[in-house]
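First the structure, in the form of structure tokens, and then the observations on it.
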Amino acid sequence: VGIVTYNDVPTAQANLNTFKDKDEILQFINLLPYRKGGTNTGAALRFTLENIFTDKKGSRKDVPKIALVITDGKSQDNVGDAAIALRRAGVTVYAVGIKEANEAELVEMASYPKSKYVFTVDSFIKLKPLTETLLTTLSDIFFLMDDSGSIESNDFSDMQKFIIEFLRTFRIGPQHVRMGLVKYSDSPSLQFDLTEHSDAKKMEKAVERIHHQGGGTQTGRALSSMIEHFKNAKNSRGYKVSEYLIVITDGKSQDEVRIPAEELRALGVITYAIGVKDSNDIQLNEIAGNPNRKFFVSDFDTLKSIKNRIMREICSEEGNSQPNGGETQVFKPLWA
Numbered sequence: 001v002g003i004v005t006y007n008d009v010p011t012a013q014a015n016l017n018t019f020k021d022k023d024e025i026l027q028f029i030n031l032l033p034y035r036k037g038g039t040n041t042g043a044a045l046r047f048t049l050e051n052i053f054t055d056k057k058g059s060r061k062d063v064p065k066i067a068l069v070i071t072d073g074k075s076q077d078n079v080g081d082a083a084i085a086l087r088r089a090g091v092t093v094y095a096v097g098i099k100e101a102n103e104a105e106l107v108e109m110a111s112y113p114k115s116k117y118v119f120t121v122d123s124f125i126k127l128k129p130l131t132e133t134l135l136t137t138l139s140d141i142f143f144l145m146d147d148s149g150s151i152e153s154n155d156f157s158d159m160q161k162f163i164i165e166f167l168r169t170f171r172i173g174p175q176h177v178r179m180g181l182v183k184y185s186d187s188p189s190l191q192f193d194l195t196e197h198s199d200a201k202k203m204e205k206a207v208e209r210i211h212h213q214g215g216g217t218q219t220g221r222a223l224s225s226m227i228e229h230f231k232n233a234k235n236s237r238g239y240k241v242s243e244y245l246i247v248i249t250d251g252k253s254q255d256e257v258r259i260p261a262e263e264l265r266a267l268g269v270i271t272y273a274i275g276v277k278d279s280n281d282i283q284l285n286e287i288a289g290n291p292n293r294k295f296f297v298s299d300f301d302t303l304k305s306i307k308n309r310i311m312r313e314i315c316s317e318e319g320n321s322q323p324n325g326g327e328t329q330v331f332k333p334l335w336a
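The sequence shown: position 220 = 220 (UniProt numbering), numbered continuously.
What follows is the structure, given as structure tokens:
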């Protein structure tokens, strides 16, 4: 992460390779001085492209590049040409306007579609909810759903509805959030991988077409199978992003879950465990590896009630801190 502040002229406060530790970055941001002056946003955009998104300053070819522009006024110079150059260089531009920001300029700066990349708020304190949108822009999510014989047809249908409601929360696509689904009983069965469906409607239909078959509950074996899927994820996207596995189960696994779950986390995969009915609490903890990522509901028709809790957890700071997780170059041109 790097930071540029600007008024009449832009200033590089931090390059992409200045900090390696998140706590250091946060401490540095808190110490940034406030400077008055004009608002030359176009110059700041050009400066960011020419002086920040470079190999020397820490830019990497295999990592997504994102510029988050935050402004509260109309620019005194032209932003259009500089924004076009930035986007043509492969940088995704978010434009956030506060108070009296010029909406036409925000649209001119932002990537397409504008509805996805332009935000306006009437005060600085309302910026925080936008972090959920930004954090979930690029990620790979797999569902691992229990298909064992203890699950009744109605329960399986409720599980499908929950997954559909969940995927509707995200912008699905190759350059956004990708989702895959594996069901399991005695053995895992891939229903669709991360590259199969490029939009939410097709994915919904694919989830609806999944049939319940029954069998045993070999959760450990299913978890082990996910290792290869996540290894393939980076190859198919070309770079590594945040990776999540959401496991839904209603019973005790007949095999070991701790070791494969730890192996997944060692790869940087964040695992969530959703237990229903007679699920085993010890195993849920072993799957999740963190009590904040373990959820329990008494029956399948109440799964929807925890969707927002899981979303908040995924979008939270804890959910996005991972040892080898997805990396994105984010540059923040700020006003000063």
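Glycine included, every Cβ here is placed at the ideal spot set by N, Cα and C.
**Asked** Helix, strand or coil: which one does DSSP assign to Q13?
**Response** Numbered from 1 along the sequence shown, position 13 holds the residue referred to as residue 13. In the structure shown, Q13 sits in a strand (DSSP, three-state: E or B).
Item to complete: Could you name each continuous beta strand (DSSP E) segment of 3 residues or more that falls completely within the segment 261-286, going from the start of the chain to the end?
Response: 269-276
Return the Cβ separation of D255 and G220 in integer angstroms, given the expectation that the two are a contact with Cβ distance under 8 Å.
-> Counting from one through the sequence shown, the residue named residue 255 turns up at place 255. Counting from one through the sequence shown, the residue named residue 220 turns up at place 220. Contact flag correct, Cβ pair sits at about 4 Å.
Exercise. Would a C-beta distance cut-off of 8 Å place residue 350 and L167 closer than the cut-off?
Worked result: Not covered by the structure: residue 350. The range shown for the chain is 1 to 336.
Exercise. Identify every run of the beta strand (DSSP E) within the UniProt domain "VWFA" (1-134), keeping only runs that are complete inside it and at least 3 residues long; order them along the chain.
Key: 2-6, 10-14, 65-71, 91-98, 118-121
In three-state terms, what does DSSP make of G216? For the purposes of this step, residue 216 is taken as the residue at position 216 of the sequence shown. Three-state result, G216: coil.
Query raised in the report: Under 7 Å from any heavy atom of the ligand GTP, does the C-beta of F230 make it?
Result: This structure simply doesn't include the ligand GTP, nor any ligand for that matter.
* **Short Cβ contact (8 Å threshold) for A273 with L223** => Numbered from its first residue, the sequence shown carries residue 273 at position 273. Numbered from its first residue, the sequence shown carries residue 223 at position 223. No, the pair does not count as a contact, with Cβ atoms beyond the cut-off.
Open item on the list: Going by C-alpha to C-alpha distance, which of Q76, E152, V241, T169 sits closest to N102?
Closed with: For the purposes of this step, residue 102 is identified with residue 102 of the sequence shown, where counting begins at 1. For N102, the nearest C-alpha among the options comes from Q76.
Item to complete: Drop a sphere of 10 angstroms on the beta-carbon of A336, count the other beta-carbons inside from all chains shown, and report buried for 16 or more, exposed for fewer.
Response: As a first step, residue 336 must be located in the sequence shown, where it is residue number 336. The pLDDT assigned to A336 is 32, lower than 50, so where the model puts this residue is not dependable, and the model offers no usable value.
(message) Quick check: what's the CA-CA separation for P113 versus S279?
(response) In the sequence shown, residue 113 corresponds to position 113, counting from 1. In the sequence shown, residue 279 corresponds to position 279, counting from 1. Whole-angstrom Cα-Cα distance: 43 Å.
- What's the C-alpha gap between L334 and V121? Along the sequence shown, read from residue 1 onward, the residue named residue 334 stands at position 334. Along the sequence shown, read from residue 1 onward, the residue named residue 121 stands at position 121. Residue confidence is low: L334 scores 45 on pLDDT, short of 50, so the model does not pin down where it sits. No coordinate-derived value is stated.
V207: which of Q175, H229, I164 sits nearest, CA to CA? Within the sequence shown, the letter at position 207 stands for residue 207. Here the closest residue by C-alpha is I164.
**Prompt:** For the candidate residues K99, A95, L138, whose alpha-carbon lies nearest to that of F119?
**Reply:** By 1-based counting over the sequence shown, the position of residue 119 is 119. Of K99, A95, L138, the residue nearest in Cα terms is A95.
task = May I ask which residues mark the beginning and end of the alpha helix (DSSP H) holding K161?
result = One-based indexing of the sequence shown puts residue 161 at position 161. It spans 153-167 - the alpha helix (DSSP H) in which K161 sits, taken as one unbroken run.
Just list the residues that DSSP pairs Y184 with in beta bridges.
In the sequence shown, counting from the first residue as 1, residue 184 sits at position 184. Bridge partners of Y184: D146, P188.
Alpha-carbon to alpha-carbon, V247 and S157: Looking up residue 157 in the sequence shown gives position 157. Looking up residue 247 in the sequence shown gives position 247. The alpha-carbon atoms of S157 and V247 are separated by roughly 16 Å.
How should L49 be labelled, buried or exposed, when 16 other C-beta atoms within 10 angstroms of its C-beta is the threshold for buried? The residue given as residue 49 occupies position 49 in the sequence shown. L49 is buried by the Cβ-count criterion.
Note to self: Looking at the secondary structure, which residues open and close the alpha helix (DSSP H) in which V241 lies?
What the structure shows: For this step, residue 241 is matched to residue 241 along the sequence shown. Run containing V241: none; DSSP gives neither H nor E here.
Please name the residue, chosen from K74, S153, V269, that lies closest to G38 on a Cα-to-Cα basis.
By 1-based counting over the sequence shown, the position of residue 38 is 38. Cα-wise, what sits closest to G38 is K74.
**Message:** How far does the beta strand (DSSP E) with V297 in it extend, from its first residue to its last?
**Reply:** Indexing the sequence shown from 1 puts residue 297 at position 297. Note, V297: beta strand (DSSP E), 294-297.
inquiry  = I believe I310 touches H212 by the beta-carbon criterion, under 8 Å. Please report the beta-carbon distance rounded to the nearest angstrom.
reply    = On the sequence shown, residue 310 is found 310 positions in, with the first residue counted as 1. On the sequence shown, residue 212 is found 212 positions in, with the first residue counted as 1. Going by Cβ atoms, the distance from I310 to H212 rounds to 23 Å, so no, they are not a contact pair.
Less than 8 Å between the C-beta atoms of residue 393 and K61, yes or no? No answer is possible for residue 393: the residues shown for the chain start at 1 and end at 336.
Practice problem: Taking V257 as part of the alpha helix (DSSP H), name the residues at either end of that continuous run. | Solution: Along the sequence shown, read from residue 1 onward, the residue named residue 257 stands at position 257. Unbroken run through V257: none, as it is neither H nor E.
- request: Output yes or no for whether 8 Å exceeds the beta carbon distance between G2 and I52.
  value: Within the sequence shown, the letter at position 2 stands for residue 2. Within the sequence shown, the letter at position 52 stands for residue 52. Yes. Within cutoff.
Requested in this report: Take K20 and list the residues in its own chain whose beta-carbon comes closer than 6 Å to its own, dropping the five residues that flank it on each side.
Outcome: The residue given as residue 20 occupies position 20 in the sequence shown. Cβ neighbours of K20 beyond the five flanking positions: none.
Check: From the DSSP output, which residues share a beta bridge with D140?
Finding: Within the sequence shown, residue 140 is the residue found at index 140, counting from 1. According to DSSP, which records beta bridges pairwise, D140 is partnered with R178, E243.
* Taking L190 as the reference, give the member of L303, L144, Y239 with the closest Cα. => Locating residue 190 in the sequence shown gives position 190, where the first residue counts as 1. Nearest of L303, L144, Y239 to L190, Cα basis: L144.
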